[in-house]
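Colleague: In my numbering, the protein residues as written are 1 to 71.
The structure under discussion is supplied below as structure tokens; questions concerning it will follow.
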Amino acid sequence: GVSEQGLQKIKQAYEREGDYAGTGLGLPIVQQLCDQHGLTFEFESIEGKGSVASVLVPRVKMETPCSAGKT
Numbered sequence: 001g002v003s004e005q006g007l008q009k010i011k012q013a014y015e016r017e018g019d020y021a022g023t024g025l026g027l028p029i030v031q032q033l034c035d036q037h038g039l040t041f042e043f044e045s046i047e048g049k050g051s052v053a054s055v056l057v058p059r060v061k062m063e064t065p066c067s068a069g070k071t
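Structure representation (structure tokens):
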């Protein structure tokens, strides 16, 4: 898990906590995509225990699909 201070840091592009490999772009990219598409991005972490990242997609009622061969 990530510390509270580290959590603020890793939300910024090119930032990482510790000696983990990577560019530090993953979380900022996910956040930006969620913002652009009206989705919610949550990142919860307990230091020394673990982290959970979630993308929440709103439930919408779909229109009835066309029958086979009809458009």
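All residues carry an ideal CB built from backbone N, CA and C; glycine is no exception.
What are the boundary residues of the alpha helix (DSSP H) that includes Ser52?
Modeller: For the sequence presented, residue 52 should be read as Val rather than Ser. Note, Val52: premise wrong, no alpha helix (DSSP H); beta strand (DSSP E) at Gly50 to Leu56.
Colleague: Hey, out of Pro58, Gly6 and Glu63, whose CA is closest to Cys34's CA?
Modeller: Pro58
Colleague: Tell me the DSSP secondary structure of Glu42 in three-state form.
Modeller: strand
Colleague: Looking at the unbroken alpha helix (DSSP H) that takes in Leu80, where does it start and where does it end?
Modeller: With the chain covering 1 to 71 only, the question about residue 80 has no answer from this structure.
Colleague: How would you write the range of the alpha helix (DSSP H) that Lys9 sits in, first residue to last?
Modeller: Glu4 to Ile10
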